[in-house]
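**Student:** Residue numbers (the numbering used here), protein chains in the order written: chain S, 1 to 114; chain F, 1001 to 1115. Glycine is no exception: its CB is placed at the ideal position from the N, C-alpha and C atoms. This structure is a prediction, so every number in the text was calculated from the model and none was measured.
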């Protein structure tokens, strides 16, 4: 069955450092990989999308890589700030043709220490 | 502009009661998704609508769960004869299109507690 794994433990990072979150998947060949941020009591908020033929995507302090050989995506937040503390969700999607929604990992709880 | 809204935000139901959860998607969004999120878990897909057509309901956990979107806008997720295992946050998301190349916009969710 399809499986998506994210760091199950909370990740504590010192303010100003780079936070790196990992998303590994098995039994899946996604066409797209998306990252979302979720704060307590709120719905997920979209951050970045990367396609299977893209190696890297950047947006401001965020960077995502996608390695379809390793079946892994890395999500980086540079110059991290306490306001970046949240749960980050990795989500995979097939190409169109199927109506299925996103398949999410459990999420990684990131804590940025001032 | 307004985002996705859901109501109620919180719902407490006694076991065996029926509940109805409402989702107002972003205007003009063709695609609408329902997800269930248990504590400490990621959202899990329940069902998908393209306009008023329910194209995928493979994620609905039992025939007690029913969803509709009769006019291609507002959607309702109904759970009949609620059980304790139905306790979760129910998230609605809308998107411009159904493919994974489009971001999904999520509502704040409805937290359902079945006692």
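Is the number of C-beta pairs between the stretch 1081-1093 of chain F and the stretch 103-114 of chain S that are closer than 8 Å three or more?
**Tutor:** Touching, no, given that fewer than three Cβ pairs across the two stretches are closer than 8 Å.
**Student:** Is it buried or exposed, residue 1009(F), if we count other Cβ atoms within 10 angstroms and call 16 or more buried?
**Tutor:** Here residue 1009(F) is taken as the residue at index 9 of the second chain, counted from 1. Classification of residue 1009(F): exposed, given that the 10 Å Cβ count is below 16.
**Student:** What do you get for residue 77(S), buried or exposed, if any count of 16 or more other CB atoms within 10 angstroms of its CB means buried?
**Tutor:** What you label residue 77(S) is simply residue 77 of the first chain in a count that begins at 1. Per the 10 Å Cβ criterion, buried.
**Student:** When we look at the beta-carbon of residue 1063(F) and count the other beta-carbons within 10 Å, is it buried (16 or more) or exposed?
**Tutor:** Start at 1 with the first residue of the second chain, and residue 1063(F) comes out as number 63. Per the 10 Å Cβ criterion, exposed.
**Student:** Against residue 66(S), what residues of chain F qualify as contacts under a CB-to-CB distance less than 7 Å, listed in chain order?
**Tutor:** Start at 1 with the first residue of the first chain, and residue 66(S) comes out as number 66. Under the 7 Å cutoff, chain F gives no residues; its nearest Cβ is about 13 Å from residue 66(S).
**Student:** Looking at the structure shown, is residue 1084(F) part of a helix, part of a strand, or coil, going by DSSP?
**Tutor:** Here residue 1084(F) refers to the residue found at position 84 when the second chain is read from its first residue. If DSSP states are grouped into helix, strand and coil, residue 1084(F) belongs with the helices.
**Student:** At 3 residues or longer, and completely inside the stretch 1028-1062 of chain F: list those beta strand (DSSP E) runs for me, N to C.
**Tutor:** Those beta strand (DSSP E) runs which fall completely within the stretch 1028-1062 of chain F and span 3+ residues are 1031-1037, 1044-1050, 1053-1056.
**Student:** So which residues of chain F does residue 72(S) contact, with C-beta pairs closer than 7 Å?
**Tutor:** As a position in the first chain, residue 72(S) is number 72, starting the count at 1. By Cβ distance, chain F contributes nothing, its closest Cβ being about 17 Å from residue 72(S), past 7 Å.
**Student:** Between 12(S), 23(S), 28(S), 8(S), which has its C-alpha nearest residue 66(S)'s C-alpha?
**Tutor:** Within the first chain, numbered from 1, the residue matching residue 66(S) stands at position 66. Checked all of 12(S), 23(S), 28(S), 8(S); the closest Cα to residue 66(S) is 23(S).
**Student:** Could you name the residues of the same chain whose beta carbon sits closer than 7 Å to that of residue 1090(F), not counting the 5 residues immediately before and after it, in chain order?
**Tutor:** For the purposes of this step, residue 1090(F) is identified with residue 90 of the second chain, where counting begins at 1. For residue 1090(F), where only same-chain residues beyond five positions count, the Cβ hits under 7 Å are 1021, 1034, 1036, 1077, 1109, 1110, 1112.
**Student:** Looking at the strands, I want to know which residues DSSP matches up with residue 1102(F).
**Tutor:** As a position in the second chain, residue 1102(F) is number 102, starting the count at 1. Residue 1102(F) is not bridged to any residue.
**Student:** Work out the CA separation of residue 45(S) and residue 29(S) for me, nearest whole Å.
**Tutor:** Your numbering for residue 29(S) matches position 29 in the first chain. Your numbering for residue 45(S) matches position 45 in the first chain. Residue 29(S) and residue 45(S): Cα-Cα distance of roughly 24 Å.
**Student:** By the 10 Å Cβ neighbour count, where 16 or more other Cβ atoms means buried, how is residue 1098(F) classified, buried or exposed?
**Tutor:** Your numbering for residue 1098(F) matches position 98 in the second chain. Its Cβ being crowded by 16 or more others within 10 Å, residue 1098(F) is buried.
**Student:** Using three-state DSSP, classify residue 67(S) as helix, strand or coil.
**Tutor:** Translated into positions along the first chain, residue 67(S) becomes position 67. Three-state DSSP puts residue 67(S) in a strand.
**Student:** Are the C-beta of residue 32(S) and some C-beta of chain F separated by less than 8 Å?
**Tutor:** Your numbering for residue 32(S) matches position 32 in the first chain. For residue 32(S), the answer is yes, since a Cβ of chain F falls inside 8 Å of its Cβ.
**Student:** Do residue 36(S) and residue 74(S) count as a contact pair if the criterion is CB distance below 8 Å?
**Tutor:** Within the first chain, residue 74(S) is the residue found at index 74, counting from 1. Within the first chain, residue 36(S) is the residue found at index 36, counting from 1. No, they are not a contact pair.
**Student:** Starting from residue 15(S), follow the beta strand (DSSP E) in both directions and report where the run begins and ends.
**Tutor:** Within the first chain, numbered from 1, the residue matching residue 15(S) stands at position 15. Premise fails: residue 15(S) is in no beta strand (DSSP E) and is neither H nor E.
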